[in-house]
Amino acid sequence: MGGAPCLGTLSILAPKFQAFQCPVGFSRSLVCFLLFPHQSYFTTRESNMSPSLKRACPGLEKRIKRIFIEGNIAAGKSTFVHLLEEQSKDWEVVPEPIARWCNVQTQQAEFEELTTSQKSGGNVLQMMYEKPERWAYTFQSYACMSRIRAQIKSTYGKLQEAENPVQFFERSVYSDRYIFASNLYECECVNETEWAIYQDWHSWLHQQFGKHIELDGIIYLRAAPEMCMQRLHLRGREEEQGIPLEYLEKLHFKHESWLQNRTLKMEFEYLNEIPILTLDVNEDFKGDSVKCGDMVEKVRSCFLQLLHLFHA
Ligand SMILES: Nc1ncnc2c1ncn2[C@@H]1O[C@H](COP(=O)(O)OP(=O)(O)OP(=O)(O)O)[C@@H](O)[C@H]1O
Ligand SMILES: Nc1nc(=O)c2ncn([C@H]3C[C@H](O)[C@@H](CO)O3)c2[nH]1
Numbered sequence: 007m008g009g010a011p012c013l014g015t016l017s018i019l020a021p022k023f024q025a026f027q028c029p030v031g032f033s034r035s036l037v038c039f040l041l042f043p044h045q046s047y048f049t050t051r052e053s054n055m056s057p058s059l060k061r062a063c064p065g066l067e068k069r070i071k072r073i074f075i076e077g078n079i080a081a082g083k084s085t086f087v088h089l090l091e092e093q094s095k096d097w098e099v100v101p102e103p104i105a106r107w108c109n110v111q112t113q114q115a116e117f118e119e120l121t122t123s124q125k126s127g128g129n130v131l132q133m134m135y136e137k138p139e140r141w142a143y144t145f146q147s148y149a150c151m152s153r154i155r156a157q158i159k160s161t162y163g164k165l166q167e168a169e170n171p172v173q174f175f176e177r178s179v180y181s182d183r184y185i186f187a188s189n190l191y192e193c194e195c196v197n198e199t200e201w202a203i204y205q206d207w208h209s210w211l212h213q214q215f216g217k218h219i220e221l222d223g224i225i226y227l228r229a230a231p232e233m234c235m236q237r238l239h240l241r242g243r244e245e246e247q248g249i250p251l252e253y254l255e256k257l258h259f260k261h262e263s264w265l266q267n268r269t270l271k272m273e274f275e276y277l278n279e280i281p282i283l284t285l286d287v288n289e290d291f292k293g294d295s296v297k298c299g300d301m302v303e304k305v306r307s308c309f310l311q312l313l314h315l316f317h318a
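The sequence shown begins at 7 in this note's numbering and counts up one residue at a time.
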């Protein structure tokens with residue numbers, strides 16, 4: 007994997023914008039404000055504004071910024087978002103609904119929402135890993151539906167009083183489709199008909215719920231597949247212990263072409279204009295307050311730029 011370790015980069019590589027990529031570890035936005043106090047750091051034109059930018063125009067209701075955390079299995083997303091959540095009362099985390107997929111009953115409220123079949127013990131994550139050609143389509147349908155539900159349900163409770171509210175979501179309907187489902191289709195675990203149906207309802211759901219599920223930025227936690235494999239074993243989630251390195255490699259290359267090289271073709275055009283903050287998470291930052299502080303600073307710096315962009 008290329009790139010300097012632990013070097014955060016904020017990249018906007020939309021065709022309509024000038025390519026832009028540089029380290030953000032030095033409170034870069036502050037430098038920009040100092041250099042160009044009267045200019046918007048990112049150039050946008052009204053006619054080219056993405057839906058998420060339009061939503062955030064001054065004069066419209068104060069709104070929450072939605073940031074999605076993407077990355078390979080066991081890269082460290084949950085660990086990282088918990089670190090973020092501790093930093094500000096304006097920041098809220100919406101975790102991946104894995105409890106539903108495994109039927110782990112973490113809280114009464116979680117259990118109440120399980121379907122009858124789940125209450126009786128279905129572990130669709132395990133079923134998918136054990137027999138993907140039978141269960142992959144079922145899993146993808148349920149994963150996508152439960153993500154949308156979690157995202158919509160989370161709207162605005164705790165953050166009503168926040169000055170600059172931000173919600174962090176672990177993964178998105180986009181990684182669901184363009185990373186996981188697409189890989190399972192390429193591996194022939196999802197057949198042509200299933201893939202056509204999946205894409206059809208995915209697009210339709212996006213149309214229906216677009217307002218609630220569109221995002222403002224992505225944080226890509228980038229780690230080598232070998233590192234993810236090590237962490238996956240360290241975490242020891244039973245359902246995942248048979249995952250081969252090859253699977254993580256395939257997912258890694260898909261993440262890279264979407265978020266690093268930005269060459270993955272997607273149906274949702276506004277995604278081409280979304281800012282991406284890439285953080286190298288190969289290094290162990292747990293328990294190291296300096297490294298944690300540095301990562302949080304990169305995220306804050308990224309937001310300053312986002313806010314500047316939104317209010318320009
Ligand atoms: N930077 C890090 N250094 C060392 N260990 C880490 C780091 N980040 C996470 N871990 C450990 O790696 C394991 C996986 O981390 P975590 O559960 O946060 O991954 P995840 O990306 O949320 O996984 P998933 O894709 O399954 O949702 C955990 O045991 C966690 O403690
Ligand atoms: N096939 C498939 N499709 C998804 O959309 C998806 N989202 C997450 N996962 C798997 C990765 C971890 O094992 C576990 C927790 O992230 O769930 C997925 N698997």
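Glycine residues also receive a C-beta, built at the ideal position from the N, C-alpha and C atoms.
From the DSSP secondary-structure annotation, give me the bridge partner or partners of residue i.
| i | result |
| --- | --- |
| Val99 | Phe174 |
| Ile75 | Glu176 and Ile225 |
In this structure, how does DSSP classify residue i when only helix, strand and coil are distinguished?
| i | result |
| --- | --- |
| Leu283 | strand |
| Ser33 | Confidence at Ser33 is low in this model, with a pLDDT of 29, below 50, so its placement is unreliable and the value that follows should be read with caution. Three-state result, Ser33: coil. |
| Leu270 | coil |
| Asp290 | coil |
| Lys217 | helix |
| Leu169 | First, the residue type needs correcting, since residue 169 is Glu and not Leu in the sequence shown. Note: Glu169 maps to coil in three-state DSSP. |
| Ser209 | helix |
| Ile249 | coil |
| Ala156 | helix |
| Ile70 | coil |
| Lys304 | helix |
| Ala105 | helix |
| Gly128 | coil |
Hey, would you say the C-beta of residue i is under 8 angstroms away from at least one heavy atom of ligand 1?
| i | result |
| --- | --- |
| Asp96 | no |
Less than 8 angstroms separating the Cβ of residue i from some heavy atom of ligand 2?
| i | result |
| --- | --- |
| Phe186 | yes |
| Gln146 | yes |
| Trp107 | yes |
| Leu221 | no |
| Glu245 | yes |
| Ser181 | yes |
| Ala156 | no |
| Ala142 | yes |
| Ile104 | yes |
| Leu227 | no |
| Met233 | no |
| Met134 | yes |
| Cys193 | no |
Classify residue i as buried or exposed, calling it buried when 16 or more other Cβ atoms lie within 10 Å of its own Cβ.
| i | result |
| --- | --- |
| Thr199 | exposed |
| Met272 | exposed |
| Trp207 | exposed |
| Asp294 | exposed |
| Ser209 | exposed |
| Arg72 | buried |
| Val99 | buried |
**Message:** Give me the pocket residues for ligand 1, defined as CB within less than 6 angstroms of any heavy atom, sorted by chain position.
**Reply:** That query returns the following residues: Gly77, Ile79, Ala80, Ala81, Gly82, Lys83, Ser84, Thr85, Glu102, Arg237, Leu240, Arg241, Val287, Asp290, Phe291 and Lys292.
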